[in-house]
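Colleague: Take a look at this one; I'll ask things after.
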Amino acid sequence: MLRAESPTLRARLTRRPAVADWRQSLALLASLALLLGGFGTVINGGRWWTGAVLLTALVLTTCAVLRALGVPLAWLGGLIVWFVGVVWIFVPGTLYGIFPTPSSIGALHGLWVDGREIIAVESSPVAAAKPIVYVIATSFGFFAIVLDVIVFGLRKPVLVGAVFTAMYVVPTAVSGHRPNAVLFVAVAALWLYLLRAEIRQRSGSLLPDTMTGAAPAV
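Each number in my numbering comes from the position in the sequence shown (counting from 1) with 35 added on.
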């Protein structure tokens, strides 16, 4: 005899995707924080890491909250927060109140050029000067948006592996240091978690109506 599921179970099944999305966002944040740590061979000190992680966390949290509220294209909100956050952190003097101005773009471009020049000219590890911290923090904040789109928009977490790989090899290419095997294993484990979470969500969406309580009791 088939029987409709209880309201409690039905609510639990409905809640699963939202909970899974938050967990996947946390997995993305943890992965990016670990990959940022890999740049310790490029930049001296550790304070820069904290600021970069906070910017990345702000972007991913914004996307997650907007998505939970049902806002379409939540990544656009993350993009706005990323840009305003970058201006507020690195060139706050160009703000008009809380709003970026045209001079903000020029100032950020100058930091980008200076940061790339430092990376190209100086030997690693370099001092945590504002331009190089800007290049790394801004890049990771932007890639957080890209990864959010890949995982939650395209639903293709397999592509995340390519982005993670690029982020993993860049410090080695710049500094010439041997790759960190422990870092590789940790990030790979989080990537596998993202793949598993997507597979479970796809499997759940294929459940028959009798599993979600849509069928009447017989």
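We put the CB at the ideal spot given by N, CA and C, even for glycine.
Relative to the C-alpha of Gly81, which candidate in Ala164, Phe177, Tyr203 and Glu233 has its C-alpha closest?
Modeller: If we check each option's Cα against that of Gly81, Ala164 comes out closest.
Colleague: Could you name the residues of the same chain whose beta carbon sits closer than 8 Å to that of Val185, not counting the 5 residues immediately before and after it, in chain order?
Modeller: Looking at the sequence itself, residue 185 is Ile, so the reference to Val does not match. Closer than 8 Å at Cβ, skipping near neighbours: Lys191, Pro192, Leu194, Val195 and Val198.
Colleague: What does a CB cutoff of less than 8 Å around Pro137 pick up in its chain, not counting 5 residues either side in sequence?
Modeller: Same-chain partners within the cutoff: there are none.
Colleague: So for Val161, helix, strand or coil by DSSP?
Modeller: If DSSP states are grouped into helix, strand and coil, Val161 belongs with the strands.
Colleague: Indicate whether the contact test is met: 3 or more Cβ pairs, each with one atom in the stretch 172 to 179 and one in the stretch 75 to 91, closer than 8 Å.
Modeller: Flag = yes, the stretch 172 to 179 and the stretch 75 to 91 touch.
Colleague: So, do the stretch 141 to 160 and the stretch 117 to 132 have three or more beta carbon pairs nearer to each other than 8 Å?
Modeller: The stretch 141 to 160, when compared against the stretch 117 to 132, does touch it at the 8 Å Cβ threshold.
Colleague: Output the boundary residues of the alpha helix (DSSP H) element that contains Pro137.
Modeller: Per DSSP, Pro137 belongs to the alpha helix (DSSP H) from Pro137 to Val156.
Colleague: Mind checking Ala224: buried by the 16 CB within 10 Å criterion, or exposed?
Modeller: Ala224 comes out exposed.
Colleague: Terminal residues of the continuous alpha helix (DSSP H) containing Val184?
Modeller: First-last for Val184: undefined, no H or E at that position.
Colleague: If you count every other CB in all the chains shown that lies within 10 Å of the CB of Arg102, and 16 or more means buried, which is it?
Modeller: Classification of Arg102: buried, given that the 10 Å Cβ count is 16 or more.
Colleague: Suppose you measure from the CA of Leu108 to the CA of Leu227; what does that come to, to the nearest Å?
Modeller: So the two alpha carbons sit approximately 25 Å from each other.
Colleague: Mind listing, in chain order, the continuous alpha helix (DSSP H) runs of no fewer than 4 residues lying wholly within the stretch 89 to 130?
Modeller: Segments of the alpha helix (DSSP H) lying fully in the stretch 89 to 130: 109 to 125.
Colleague: What is the residue span of the alpha helix (DSSP H) that Pro206 lies within?
Modeller: Run containing Pro206: Val195 to Ser210, per the alpha helix (DSSP H) assignment.
Colleague: Do Asn215 and Val161 come within 8 Å of each other at the CB atom, strictly closer than that value?
Modeller: Contact flag unset, no.
Colleague: Asp149 and Leu95: beta carbons closer than 8 Å?
Modeller: Their beta carbons are not under 8 Å apart, which means Asp149 does not touch Leu95 by this criterion.
Colleague: For Gly120, tell me which candidate among Val181, Leu189, Leu67 and Phe177 has the shortest Cα-Cα distance.
Modeller: Closest option to Gly120, Cα to Cα, is Phe177.
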